[in-house]
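Have a look at the structure below before the remarks.
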Amino acid sequence: SQQGEEDPQALSIQEGENATMNCSYKTSINNLQWYRQNSGRGLVHLILIRSNEREKHSGRLRVTLDTSKKSSSLLITASRAADTASYFCATDRGSTLGRLYFGRGTQLTVWP
Amino acid sequence: GAGVSQSPRYKVAKRGQDVALRCDPISGHVSLFWYQQALGQGPEFLTYFQNEAQLDKSGLPSDRFFAERPEGSVSTLKIQRTQQEDSAVYLCASSLNQAGRSYNEQFFGPGTRLTVL
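In the order they appear, the protein sequences are chains U and W.
Final position of the first sequence in this note's numbering is 114; the numbers increase by one with none missing.
Final position of the second sequence in this note's numbering is 133; the numbers increase by one with none missing.
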């Protein structure tokens, strides 16, 4: 079963705007990750945030984590057409074996 | 190659046929995962190997699904008597699984898109 729920399911913005995607989950976690998937391709790891962290940055990406609300957000600043993709959050449900539980994803479209 | 590769990239099968999907992980990666991704959904876990040992197969949807990794490198996911509901993208991922690390990044292959007619 899906672990996370991303919202919105779809997001359409203009180049240069910021894109914010949210993820909620239901169990305890060790860490939460965000992945990107271009159409017809595999997933690319973007960023990992540990359960004891609240915010993390990587280039134009900013991830926040609120474990009390069991939610995370991914912010892409100054978006580009090349950012068009599906974005998924994934958690480990507290396991250290590596198995990931994904949400249904947000389809982001950035118009030039 | 530097990444995870999967073959074939596309497979069309008639209902009832058996199919075999191959995954070549990154050389030296200990852990290997198979996921199933239905259209418009996120990937769902199928099974996990550490070297040649299949440590978790709880995500396999039925006994028609079978995975192996006999030499701890290449893995094959086999689906017997395929059904229309098996149509999906099958993703393979590998990770280094370094001892002492709480997290090991998973590297995904491009997937095999299976269509069962």
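In this text, a Cβ means the ideal position worked out from N, Cα and C, and glycines have one as well.
- Distance from the CA atom of Pro-86/W to the CA atom of Glu-68/W, rounded to whole angstroms, is 5 Å.
- In the displayed model, Ala-83/U falls within a helix according to three-state DSSP.
- Against chain W, a Cβ distance below 7 Å from Arg-106/U picks out Gln-57, Gly-58.
- Contact check between the region 73 to 88 of chain U and the region 29 to 37 of chain W: fewer than three CB pairs, one atom from each, fall below 8 Å, which does not count as touching.
- When rounded, the separation of the alpha-carbon atoms in Thr-131/W and Gln-57/W is 16 Å.
- When secondary structure is reduced to three states using DSSP, Glu-7/U falls in the strand class.
- If you check the CB distance, Pro-41/W and Ser-74/W do not come in under 8 Å.
- Taking each of Asn-54/U, Ser-75/U, Glu-7/U in turn and checking the Cα distance to Thr-22/U, the smallest one comes out for Ser-75/U.
- Residue state for Glu-60/W is assigned as strand, using DSSP reduced to three classes.
- Taking a C-beta cut-off of 9 Å against chain W, the contacting residues of the region 19 to 50 of chain U are Asn-32, Asn-33, Gln-35, Tyr-37, Gln-39, Gly-42, Arg-43, Gly-44, Leu-45, Val-46, His-47, Leu-50, listed in chain order.
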